[in-house]
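Here the structure is laid out as structure tokens; the discussion comes afterwards.
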Amino acid sequence: MEKMTGKRQGHDFSLLEICDLSVSFRMYDSALGQRDLQVISNLSIKVDAGEILAIAGSSGSGKSLLASAILGILPENAIVAGDVRYNGQKLIPELQEKLRGKEMALVPQSVAYLDPLMRAGAQADGHQKPRPTARRKEIFGRLGLPENAESLYPFQLSGGMARRVLVSTALIADAGLIIADEPTPGMSLDQALEALKLFREMADDGKAVILITHDIDLAFAFADKIAVFYAGTTVETASALEFRTGPEALRHPYSKALWRALPQNGFEPIAGFQPYAGNLPKGCLFAPRCSCKSSQCEQEAPPVRELRGGEVRCFYAT
Ligand SMILES: Nc1ncnc2c1ncn2[C@@H]1O[C@H](COP(=O)(O)OP(=O)(O)OP(=O)(O)O)[C@@H](O)[C@H]1O
Ligand code: SF4
Ligand SMILES: [Mg+2]
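Mapping to our numbering: the sequence shown position 80 is 70, numbers consecutive.
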């Protein structure tokens, strides 16, 4: 099986380790009063230096909230439980603030994160002194940003250009962990491939990269392993090679269905809908859509277990 642990750096822990993370939002409702809406539950992942972990999953599965939880930028009404460690240290709010933008860099999902009053070149250079002008010019050039882009303000950038500036900002930050949340929309295929190539180079240079993407094809091509999210938790972690191989190499019914839903694999839609955070089914979260379910699946939530070098959350996966 392809690399699952990445390059170790003399530690017996991964650069980022998340164990049993849960996130809920405290909501106030005139009819129901106060209630907690659980949006991430029992989520565990590890990312090593030297590897790209892709996170795939449909809209609303909790991908961006995971990024925010790691960086400590969740909204104030969020309640977080679980253990998140960076380089062996518990990521408490003070440490998150210290590392954010320096040791941990984010490519945010929305281009609205750009500072409207700062030129693109200065934004991309970030906190670094002296300014990394040569590296910025190299990355802007590789991502197809025109020479004058550095002196433009965000309102003068197209959506695709703004996203390439955000990608450049994270790459230039020289962080140990880069979290790229849907970094390629609005880019041409060539630009998207170049952006992914740059993330791959960062990983090969010893950084850890979390690549959040709807585009599983891109994840196949550039990631080392892929975590599949469903309704706020992981259902499978597999190597990218296993995803390229096909459903027989995968473990969870949802991962297999995602594979079959790809255009090149028959475009077979997955019947039903992902449950909404406020209305999660009892037992296995995938049970309402699963053709392999038993009565046990509708009563009990399956735990994550190791299987064939990966991980799966299903009673019956083999
Ligand atoms: N501030 C909030 N308050 C309440 N619920 C929220 C809040 N932010 C997100 N959610 C809910 O949490 C769930 C996960 O949201 P998240 O943004 O992480 O999804 P995602 O996987 O990134 O989706 P997408 O692929 O569309 O970006 C969704 O059901 C969303 O409605
Ligand atoms: S635990 Fe049961 S319902 Fe859930 S994915 Fe496995 S077979 Fe399907
Ligand atoms: Mg998102």
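Even glycine gets a Cβ: it sits at the ideal position worked out from N, Cα and C.
Rounded straight-line distance, which links the Cα of residue j to that of residue i
i, j, result
"D2", "A39", "12 angstroms"
"K(-7)", "L43", "Reliability fails at K(-7), whose pLDDT of 41 lies under 50, so the model's placement of it is uncertain and no value is given."
"R16", "E128", "45 angstroms"
"K36", "A198", "10 angstroms"
"A261", "S54", "24 angstroms"
"G134", "S31", "40 angstroms"
"P253", "L89", "40 angstroms"
"A46", "P293", "20 angstroms"
"P144", "D26", "37 angstroms"
"L275", "P136", "47 angstroms"
"K(-3)", "K80", "For K(-3), the predicted model reports a pLDDT of 43, less than 50, meaning its position is unreliable; a value from the coordinates is still stated below. Each residue's Cα considered, the two are about 21 angstroms apart."
"T174", "P83", "29 angstroms"
"G50", "R121", "38 angstroms"
"V70", "E7", "15 angstroms"
"K119", "P243", "50 angstroms"
"Q(-1)", "N77", "For Q(-1), the pLDDT reaches just 49, beneath the cut-off of 50, and the residue's location in the model is therefore unreliable, although a value from the coordinates is still provided. Taking the straight line from one Cα to the other gives about 10 angstroms."
"R154", "K283", "43 angstroms"
"L104", "D214", "30 angstroms"
"A291", "L270", "11 angstroms"
"G316", "Q99", "The requested residue 316 is not part of the displayed model; the chain covers only -9 to 308."
Under 8 angstroms between C-beta atoms of residue i and residue j
i, j, result
"G209", "A230", "Strictly speaking, residue 209 in this sequence is Ala, with Gly absent from that position. Cβ atoms of A209 and A230: closer than 8 angstroms."
"E226", "L240", "yes"
"F263", "G52", "no"
"E232", "G300", "yes"
"L142", "V101", "no"
"G72", "D10", "yes"
"A165", "M108", "no"
"A59", "V29", "no"
"M151", "A160", "no"
"L85", "L56", "no"
"E172", "I216", "no"
"Q289", "F305", "no"
"V97", "A170", "yes"
"E41", "A193", "yes"
"A182", "L147", "no"
Beta-bridge partners of residue i, as assigned by DSSP
i, result
"E301", "T227 and E296"
"S12", "A71"
"R90", "M94"
"G23", "D19"
"Q79", "Y76"
"E7", "K36 and R75"
Cβ distance (whole Å) where residue i is taken to contact residue j below 8 angstroms
i, j, result
"I162", "R126", "6 angstroms"
"T224", "R303", "7 angstroms"
"P265", "A307", "The pair is not a contact, with the Cβ atoms about 20 angstroms apart (cut-off 8 angstroms)."
"S158", "A124", "About 13 angstroms separates the two Cβ atoms, so there is no contact after all."
"R132", "L188", "7 angstroms"
(request) Kindly provide the chain-ordered list of residues whose Cβ lies closer than 7 angstroms to any non-hydrogen atom of ligand 3. (result) K53, S54, Q99, D171, E172 and I202
(message) Taking 5 angstroms as the limit, name every residue whose beta carbon sits nearer than that to some heavy atom of ligand 2, in sequence order.
(response) Listed by chain position, these are P243, C274, F276, A277, C280, C282, K283, C287, P292, C304, F305 and Y306.
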